[in-house]
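The block underneath contains the structure these notes are about, expressed in structure tokens.
2 protein chains.
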Amino acid sequence: MARAVSETHGEILAAAARRFAVTGYRGTSLQDIAREVGCSKATVLYHFANKEALLAELMAPAIAVLQDLDDQLTDLTGAAAQEVAATGFVDLAVRFRREIAVLRGEFPELLCQPPFAHIQRISERLRDALAGHSDRPGPRIAALVLLAGISEACAEFVDIPDDELRAALLTLVRRAIEPVDAHLPRQPTTEDKDS
Amino acid sequence: MARAVSETHGEILAAAARRFAVTGYRGTSLQDIAREVGCSKATVLYHFANKEALLAELMAPAIAVLQDLDDQLTDLTGAAAQEVAATGFVDLAVRFRREIAVLRGEFPELLCQPPFAHIQRISERLRDALAGHSDRPGPRIAALVLLAGISEACAEFVDIPDDELRAALLTLVRRAIEPVDAHLPRQPTTEDKDS
DNA sequence: TCAGGGTCTGACCGATCGGTCAGGCATGCT
DNA sequence: AGCATGCCTGACCGATCGGTCAGACCCTGA
Numbered sequence: 001m002a003r004a005v006s007e008t009h010g011e012i013l014a015a016a017a018r019r020f021a022v023t024g025y026r027g028t029s030l031q032d033i034a035r036e037v038g039c040s041k042a043t044v045l046y047h048f049a050n051k052e053a054l055l056a057e058l059m060a061p062a063i064a065v066l067q068d069l070d071d072q073l074t075d076l077t078g079a080a081a082q083e084v085a086a087t088g089f090v091d092l093a094v095r096f097r098r099e100i101a102v103l104r105g106e107f108p109e110l111l112c113q114p115p116f117a118h119i120q121r122i123s124e125r126l127r128d129a130l131a132g133h134s135d136r137p138g139p140r141i142a143a144l145v146l147l148a149g150i151s152e153a154c155a156e157f158v159d160i161p162d163d164e165l166r167a168a169l170l171t172l173v174r175r176a177i178e179p180v181d182a183h184l185p186r187q188p189t190t191e192d193k194d195s
Numbered sequence: 001m002a003r004a005v006s007e008t009h010g011e012i013l014a015a016a017a018r019r020f021a022v023t024g025y026r027g028t029s030l031q032d033i034a035r036e037v038g039c040s041k042a043t044v045l046y047h048f049a050n051k052e053a054l055l056a057e058l059m060a061p062a063i064a065v066l067q068d069l070d071d072q073l074t075d076l077t078g079a080a081a082q083e084v085a086a087t088g089f090v091d092l093a094v095r096f097r098r099e100i101a102v103l104r105g106e107f108p109e110l111l112c113q114p115p116f117a118h119i120q121r122i123s124e125r126l127r128d129a130l131a132g133h134s135d136r137p138g139p140r141i142a143a144l145v146l147l148a149g150i151s152e153a154c155a156e157f158v159d160i161p162d163d164e165l166r167a168a169l170l171t172l173v174r175r176a177i178e179p180v181d182a183h184l185p186r187q188p189t190t191e192d193k194d195s
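Protein chains in written order, with full-length UniProt numbering: chain A, 1 to 195; chain B, 1 to 195.
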């Protein structure tokens, strides 16, 4: 055997992503991942400190983008925040379909752990922004339905091209979201989104 | 101890519903349920043949209503099917919030078992009806987003009164769904959308 | 009084989980 | 040659899982 470290490391990561997306984090054993890679379970635990560290490394890119989106939202309010939240999350969900699928349904206990503790707060702020920071139940419910539904849709429609899926989701969100200010029409808000 | 059979039976059912809704089916052990009831794990398995039977009995009422909704949809097309699917599913999701929460995220393996095998087909038909039986990706994606999002929202907003939640969800669905022309069933407006 | 059925339990089972550990096997440097 | 280092593995560990089983504890009816 004796492959290059980066090679095996990456293979394990890819295999874990595939298995997690199908059977979930809890529903996938280290043995399953090792079998898919073609190595032993001990090898998996040689490259990753434990199962949770494997998940953390798998989610890191998506979490980084989510963090960026959250940073952008801190300075925005009203319709601008709605627009950035909508386009930002749709883009993120489409790009990281597989990672989103992993987290689907494993929230309550998994996201309380240290590596993911702040995700819940970020997603709450995201939902708040999408609801136009309204405290009425209508917009808040709509925001949750859309965010959760988009995650599910991205996890399900794996065979649709990125841009087509993104366009359909954005159209849906724009139609479904109540603009926060009636007299202030929704506009693209071409904020410079440097990365 | 020695409570009446129906009493303990119901208590186990209620405790299981509570635990499943929080930690999921796979994430809840029979020991957890027994601890919440205040009896032994063996007692749980005295009242229910196995863990899956416990889940099946828990979901039976919701599944029955879902089956009814599916039956109603078989004779409908176009806008009528959309309307019935929307109101029917929103009503179902609001009424069976806790049961919906259980199934959230445990789909791929759990719903393949005999007691739940037909749920997937029903939910596909439901999604199809909500999409106005269109084969364009836009409506189909929108239908999935809404169905999944509604499930998630009902599982999350446990403290909102039924009618308020139902009203908000129906408003959202009506705004988000593209109404299909009643006199033109399935108009192929897809003008070279392929990639 | 006693038999019998319904209810409940502790003890136990095999399987599987995440994780540890000592050591094998290459490779490369001195 | 000798040694160190990185990669990998089989064997093993304690914990927990779903599930089984013999028997204890009621209550009731004969």
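Heads up, the beta-carbon is just placed ideally off N, CA and C, and yes, glycines get one too.
Query	Result
Near-chain B residues of the segment 120-137 of chain A (beta-carbon distance less than 7 Å), N- to C-terminal order	Pro137
Residue-chain proximity (Gly149 of chain A, chain B), Cβ-Cβ < 7 Å	yes
Between the CA atoms of Glu124 of chain B and Phe157 of chain A - distance to the nearest angstrom	13 Å
Secondary structure of Ser123 of chain B, DSSP reduced to three states	helix
Unbroken alpha helix (DSSP H) run spanning Glu52 of chain B, endpoints	Lys51 to Leu73
Coarse secondary structure for Gly27 of chain B, derived from DSSP in three states	coil
Backbone secondary structure at Thr171 of chain B - three-state DSSP	helix
Closer than 6 Å: Asp70 of chain A CB and nearest the ligand ZN heavy atom	This structure lacks the ligand ZN, and indeed carries no ligand of any kind.
Test: Leu144 of chain B CB closer than 7 Å to a CB of chain A	yes
Spatially closest choice to Ala14 of chain A from A:Thr23, A:Leu76, A:Glu36 and A:Thr77, by CA coordinates	A:Glu36
Burial state of Ser29 of chain B (16 or more Cβ within 10 Å)	exposed
Integer Cβ distance of Leu69 of chain B from Leu103 of chain B, believed to fall under 8 Å	At roughly 15 Å, the Cβ-Cβ gap does not stay under 8 Å, so Leu69 of chain B and Leu103 of chain B are not in contact.
Sufficient close CB pairs (3 or more, under 8 Å) joining the segment 149-169 of chain A to the segment 139-154 of chain B	yes
CB contact below 7 Å: Leu92 of chain B versus chain A	no
Residues of its chain near Ile119 of chain B, where Cβ-Cβ distance is below 6 Å and the 5 sequence neighbours each way are ignored	Leu111
The segment 156-175 of chain B: positions lying closer than 9 Å to chain A by Cβ	Glu156, Phe157, Ile160, Glu164, Leu165, Ala167, Ala168, Leu169, Thr171, Leu172, Val173 and Arg175
Rounded Cβ spacing between Ala34 of chain A and Val180 of chain A (contact assumed at less than 8 Å)	50 Å between Cβ atoms; not a contact.
Interface partners of Glu152 of chain A on chain B, CB under 8 Å	Leu144, Val145, Ala148, Gly149 and Glu152
Short Cβ contact (7 Å threshold) for Leu66 of chain A with Ala16 of chain A	no
CA-to-CA distance, Asp71 of chain B to Asp194 of chain B, given in whole angstroms	Below a pLDDT of 50, predicted positions are generally treated as unreliable, and Asp194 of chain B, at 42, falls in that range; the measurement from the model is reported next regardless. If I take the Cα positions, the gap works out to 34 Å.
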